[in-house]
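Enquirer:
Residue numbers (our numbering): 96 to 201.
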């Protein structure tokens, strides 16, 4: 097992906190079965102006994780889901559709 840590923002309390999760490193990883609840670069100020996300495409290299995340697509003025690989990433990532729409949609 690979022990990992990351920092996340909890919007309901307005608090930054450290999260610890366990990624199971095994043959199953090749099938992208690992999951996590840690979102890269989550920030409370994201999308207060949806135009701020206009030039920020979904990002996340195809690493060993397989995490569903939501991203704001300015061309559609909509939030769409994609599978985040766990590496890289940017501020245009949300843990669920509701959080993305609450922060980003006009």
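Yeah, the Cβ is synthetic: ideal placement off N, Cα and C, and Gly gets one too.
Does residue 195 come out as helix, strand or coil in the three-state DSSP assignment?
Expert: The three-state secondary structure of residue 195, taken from DSSP, is helix.
Enquirer: Taking residue 160 as the reference, give the member of 193, 198, 178 with the closest Cα.
Expert: 178
Enquirer: Quick check: what's the CA-CA separation for residue 183 versus residue 173?
Expert: Inter-residue distance for residue 183 and residue 173 is about 22 Å (C-alpha atoms, whole angstroms).
Enquirer: Taking its Cβ as the centre, do 16 or more other Cβ atoms sit within 10 Å of residue 175, making it buried, or is it exposed?
Expert: exposed
Enquirer: Taking residue 185 and residue 165 to be in contact with their CB atoms under 8 Å, please state how far apart those CB atoms are, rounded to whole angstroms.
Expert: A Cβ-Cβ distance of about 13 Å is found for the pair residue 185 and residue 165, leaving them out of contact under the 8 Å criterion.
Enquirer: In three-state DSSP terms, what is residue 161?
Expert: Three-state DSSP puts residue 161 in coil, outside helix and strand.
Enquirer: Can you give me the start and stop residues for the beta strand (DSSP E) that residue 173 sits inside?
Expert: Run containing residue 173: 173-179, per the beta strand (DSSP E) assignment.
Enquirer: Output the distance between the C-alpha atoms of residue 180 and residue 163, rounded to the nearest integer angstrom.
Expert: Each residue's CA atom was taken as its position, placing residue 180 and residue 163 some 9 Å apart.
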